[in-house]
Structures are given as structure tokens and as C-alpha cells.
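Under our numbering, think of the first position of the first sequence as 2, with each following residue one higher.
See structure below.
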Amino acid sequence: MVLRADLLAGPAERVAPLLLGAVLRHDEVAVEVTEVEAYAGPRDPASHAFRGPTPRNEVMFGPPGHLYLYFSYGMHWAANVVCGPDGTAGGCLVRSGRVVDGLEIARERRHGAPERDLARGPGRLTQALGLSREHRGTDLFAGGPVRLEEGEEVPAADVARGPRVGVSQAADVPWRFWVAGSRYVSAYKRSPRAPAAL
DNA sequence: CACTAGATGCTCT
DNA sequence: GAGCATCTAGTGA
């Protein structure tokens, strides 16, 4: 697909599978996206935007194609591509990827982790890319150092889906999408706070 | 390999 | 102060 900001204006759960295969870049380090999760704002109790705008999540209420970053579990940043029309909150969490450029830098930032684990998991991915607070709200299509680039398209037949990792609300909604068979995908873990599986 | 416990600090109530 | 869209190091098989 031709990756453009206006293609991200659809509902998050429809945009998410289209992001697989795209490339998220920060200067020399680039990651091919292998796993994403959709968060549908006001329609989705698991979304940070479910209860309306706050200083943290206001980026998600703006135009699509911007970067929503949040800090999690005391040590990790997680990166989302804002989806949905301007004024409606939504986003896709970039959970995992394969480093396709800047391998040496990524390895340093990840303190010599195995290649497979350089960007497998949302916290590891932002660490490999060197993304944190100063990149909040970046327009990924403005030609800056942090941007979303076209990659090799993943055919719909190769997209697997299932419930999202670690969410206590809407724990059975299958809005996690990944490249079927890829080794660069994180393990599924149900939230211990979620009600028992169906 | 699978599984578990604990660290850690920001955000909102 | 509770709750987290997590990670790592540790154990045991």
C-alpha cells in the first residue's frame, strides 16, 4: 500500500493490519513492524483515551499519523501511531519489529541483547529506536528524523490476529495483529486482572 | 524451553 | 495511593 497519513484516518482496528511491514525509523535505526495492537478510543475500554482527553493522551485526539508515546511500568516507553479522523481518539500500539537498519546502534542501546530481542516488545522497540519523551506528538509524515516509511506489504492471508496483551478490559477483543510465523513477535500474556477467558 | 516474582515511576482519581 | 497496553533475571525441567 501507499502509506499516507490520510490512510490512517480509518478506525484503528482496520488500520492496524495495514501497518504490518511498514518501517518506523529514527535517524539511522529502522524497524520493520511485525506486531501491532489497535486501541479504538471512546469505543474501547482498554484504550487510554476511553475516559476522554488528559494531558497524557491528548495527542490521540488530534490528526492521524502522529506519534503517541506513553511511559509504562516505571521504565518503558511505548509507541503508538495515531489513527482515526482528527477529533476522534484512536491509535495503534507498535508492539514488535525487526531491526532492518542501524543494527549496531540498536544493539548498543539494547545492551547487547540477542538480535531477535532487539525490538520484540513495545518497551524494547522504543529503546532500540531511541524514542522517549522528547518525541511525543511527532508528525511521522513531516519528513523529520522520526518517520513512518513504506515497507514490503504483508498479504492479508499472512496476518494473524488475537486478543491484546496485558489488557484487563476488553481482554477477549481480537485487536492484536501480527505477521504469521514471524519470530519477531512477542509472546501473548493475558492480564492477571482480566476475567477468566471464555 | 516455561514459568514466576519483583522492580519501577508516571498518570489520574 | 492504586493501577498499569512491561522487562529482566531467576528458577526448574
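For every residue, glycine included, the Cβ atom is placed at its ideal position computed from N, Cα and C.
Could you pull the start and end residues of the beta strand (DSSP E) that A129 belongs to?
-> Stepping through the first sequence from its first residue, residue 129 is reached at position 128. Unbroken run through A129 is the alpha helix (DSSP H), 123–130; no beta strand (DSSP E).
Looking at the structure shown, is R5 part of a helix, part of a strand, or coil, going by DSSP?
-> In the first sequence, counting from the first residue as 1, residue 5 sits at position 4. The answer is coil: DSSP assigns R5 none of H, G, I, E or B.
How many Å lie between R57 and G11 at the Cα?
-> The residue labelled residue 57 in the question sits at position 56 within the first sequence. The residue labelled residue 11 in the question sits at position 10 within the first sequence. Roughly 22 angstroms between the two C-alpha positions.
Chain-order list of residues whose beta-carbon lies under 7 angstroms from that of A13 (same chain, five-residue window excluded) | What you label residue 13 is simply residue 12 of the first sequence in a count that begins at 1. A39, Y40, A41, C84, G85, G91, G92, C93, listed in sequence order.
Write down the C-beta distance between R177 and G167 rounded to the nearest angstrom, noting that I regard them as a contact closer than 8 angstroms.
-> Mapped onto the first sequence, residue 177 falls at position 176. Mapped onto the first sequence, residue 167 falls at position 166. Not confirmed; about 10 angstroms, so no contact.
When P18, Y74, L4 are compared against P156, the one with the closest alpha-carbon = As a first step, residue 156 is located in the first sequence; it is residue number 155 there, counting from the start. Nearest of P18, Y74, L4 to P156, Cα basis: P18.
Specify the secondary structure class of L94 as computed by DSSP and reduced to three states.
-> Position 93 of the first sequence, counted from the start, is the residue given in the question as residue 94. L94 falls in the strand class under three-state DSSP.
My guess is that V30 and A129 are in contact by the Cβ rule of under 8 angstroms, so how many angstroms apart are they, rounded?
-> Taking the first residue of the first sequence as position 1, residue 30 is located at position 29. Taking the first residue of the first sequence as position 1, residue 129 is located at position 128. 6 angstroms between Cβ atoms; contact.
State the beta-bridge partners of L68 as determined by DSSP.
-> For the purposes of this step, residue 68 is taken as residue 67 along the first sequence, with counting starting at 1. V82.
For the beta strand (DSSP E) containing L149, list its first residue and its last residue.
-> The residue you call residue 149 lines up with position 148 of the first sequence. Note, L149: beta strand (DSSP E), 147–150.
Through-space distance from G53 to D87, alpha-carbon basis = Numbered from its first residue, the first sequence carries residue 87 at position 86. Numbered from its first residue, the first sequence carries residue 53 at position 52. C-alpha separation (whole angstroms): 14 angstroms.
Beta-bridge partners of S73, as assigned by DSSP = As a position in the first sequence, residue 73 is number 72, starting the count at 1. Answer is H77.
Take N81 and list the residues in its own chain whose beta-carbon comes closer than 8 angstroms to its own, dropping the five residues that flank it on each side.
-> Position 80 of the first sequence holds residue 81. Y40, M61, L68, Y69, L70, Y71, G92, C93, L94, V95.
Cα separation between S192 and S73?
-> As a working note, residue 192 is residue 191 in the first sequence. As a working note, residue 73 is residue 72 in the first sequence. Here the alpha carbon of S192 sits roughly 15 angstroms from the alpha carbon of S73.
Where G163 sits in the DSSP three-state scheme | The residue labelled residue 163 in the question sits at position 162 within the first sequence. In the structure shown, G163 sits in a strand (DSSP, three-state: E or B).
DSSP on E153, reduced to helix/strand/coil?
-> For this step, residue 153 is matched to residue 152 along the first sequence. Reduced to three states, the DSSP call for E153 is coil.
With distances taken from CA atoms, which of G113, I106, T127 is nearest V34?
-> Position 33 of the first sequence holds residue 34. Answer by Cα proximity: T127.
Do R165 and A47 have their C-beta atoms closer together than 8 angstroms?
-> The count along the first sequence starts at 1 and reaches residue 165 at position 164. The count along the first sequence starts at 1 and reaches residue 47 at position 46. Yes, these two residues count as a Cβ contact at 8 angstroms.
Return the CA-CA distance between P146 and G66, expressed in angstroms with no decimal places.
-> Taking the first residue of the first sequence as position 1, residue 146 is located at position 145. Taking the first residue of the first sequence as position 1, residue 66 is located at position 65. One C-alpha to the other measures close to 14 angstroms.
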